[in-house]
């Protein structure tokens, strides 16, 4: 998950073309992915990449709501705590996880939204506020009516946290009416989720997804492009899967995930320079995009099962 460098805000001339005077803006729907995160799995420790990254300051200042049973009426309070991660040493004894500089605090778990991800999604909220509040005057400067927005996130923690950051940028605490109480955020169970292609719920979509992944493997595993990747990066593959392939362990998509995650963060979490070779990255991206997205281009059934429910939600 690397960083997106957004374009500059719309100029008055661009706004005039996008929002002509003869049309009235009545509804806005904003869909966005989570911000920058750590890799989904720990990979390439043999190349010097730390397993635990020190980019999650939230771990120092966690807050949980706890209930105190007080007779007939329960009372709620906030428990402030900090998270530290425990792992296993080489002899299987439990030890504190550490970062690249032996840090024990602010360490991230796998796939967690990082400080950079929180900052970028907050800035997204600020950008939306500038467009829809300051420039277009479509939304009020203060958040006073709960029905004016509908917030929804997937069950994945980094997605919920990204939404919270974006909303905070759009309506900072000082702009929210105190009488409104907590902001409502809608979530769904994994079975009911439609914000991402749901392979867990739809068996047919899972079959099609596997079929397109297998086709990508058959197309690419024995090519000059894959040979290039193996010459350049193969020495860092694990012993049980020495050959880079679409369906190796890690997969092509997993290798790309780790590379992009390192590019979004600091020098403490960098891979050897070979991983950033321009041709290698081009090959990885080409194969990864084909594996994950060619089905949407080629199959109406794949599109219907993959994003049809989401399109239905947008229309509703």
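Numbering (the working numbering), first residue to last: 717 to 1032.
Beta carbons are placed, not taken as given, at the ideal position from N, Cα and C, and that holds for glycine.
Member of 862, 1006, 1023 whose CA lies at the smallest distance from the CA of residue 932: By one-based count along the chain shown, residue 932 stands at place 216. Of the listed residues, the one whose Cα sits closest to residue 932 is 1006.
Cβ-based neighbour list, residue 936, same chain, cut-off 7 Å, excluding 5 preceding and 5 following: Translated into positions along the chain shown, residue 936 becomes position 220. Result list for residue 936: 942, 962, 1003, in chain order.
Inter-residue Cα distance where the pair is residue 799 and residue 883: Within the chain shown, numbered from 1, the residue matching residue 799 stands at position 83. Within the chain shown, numbered from 1, the residue matching residue 883 stands at position 167. Cα to Cα, residue 799 sits roughly 25 Å from residue 883.
Residue 872 in three-state terms, based on DSSP: Translated into the one-based positions of the chain shown, residue 872 becomes position 156. Correct three-state label for residue 872: coil.
The segment 820 to 828 contacting the segment 774 to 792, beta-carbon criterion three pairs below 8 Å: yes
Neighbour-count burial assignment, residue 743, 16 or more Cβ in a 10 Å radius: The residue labelled residue 743 in the question sits at position 27 within the chain shown. It is exposed - the Cβ of residue 743 has fewer than 16 other Cβ atoms within 10 Å.
Per-residue burial, residue 965 [other beta carbons within 10 Å of its own, 16 or more giving buried]: In the chain shown, the residue the question calls residue 965 occupies position 249. Its Cβ having fewer than 16 others within 10 Å, residue 965 is exposed.
Runs of alpha helix (DSSP H) lying entirely within the segment 958 to 1023, each at least 4 residues, in chain order: 968 to 979, 994 to 1014
Reduced DSSP secondary structure (H/G/I, E/B, other) of residue 891: Counting from one through the chain shown, the residue named residue 891 turns up at place 175. In the three-state DSSP reduction, residue 891 falls in the helix class (H, G or I).
CA nearest to the CA of residue 1013, picked from 948, 996, 925: Within the chain shown, residue 1013 is the residue found at index 297, counting from 1. Of the candidates 948, 996, 925, the one whose C-alpha sits nearest the C-alpha of residue 1013 is 925.
Three-state class that DSSP yields for residue 865 in the structure shown: Here residue 865 refers to the residue found at position 149 when the chain shown is read from its first residue. Reduced to three states, the DSSP call for residue 865 is coil.
Distance CB(residue 725)-CB(residue 838) smaller than 9 Å: The residue you call residue 725 lines up with position 9 of the chain shown. The residue you call residue 838 lines up with position 122 of the chain shown. Not closer than 9 Å, so no.
Own chain partners of residue 907 with C-beta closer than 6 Å, once the 5 adjacent residues on each side are dropped: Taking the first residue of the chain shown as position 1, residue 907 is located at position 191. Excluding sequence neighbours, residue 907 sits near 917.
Check whether residue 750 and residue 895 have beta carbons under 9 Å apart: Position 34 of the chain shown holds residue 750. Position 179 of the chain shown holds residue 895. Their beta carbons are not under 9 Å apart, which means residue 750 does not touch residue 895 by this criterion.
7 Å CB neighbourhood of residue 910 in its chain, flanking five on each side removed: Working through the chain shown from its first residue, we reach residue 910 at position 194. Around residue 910: 1025, 1026, 1029.
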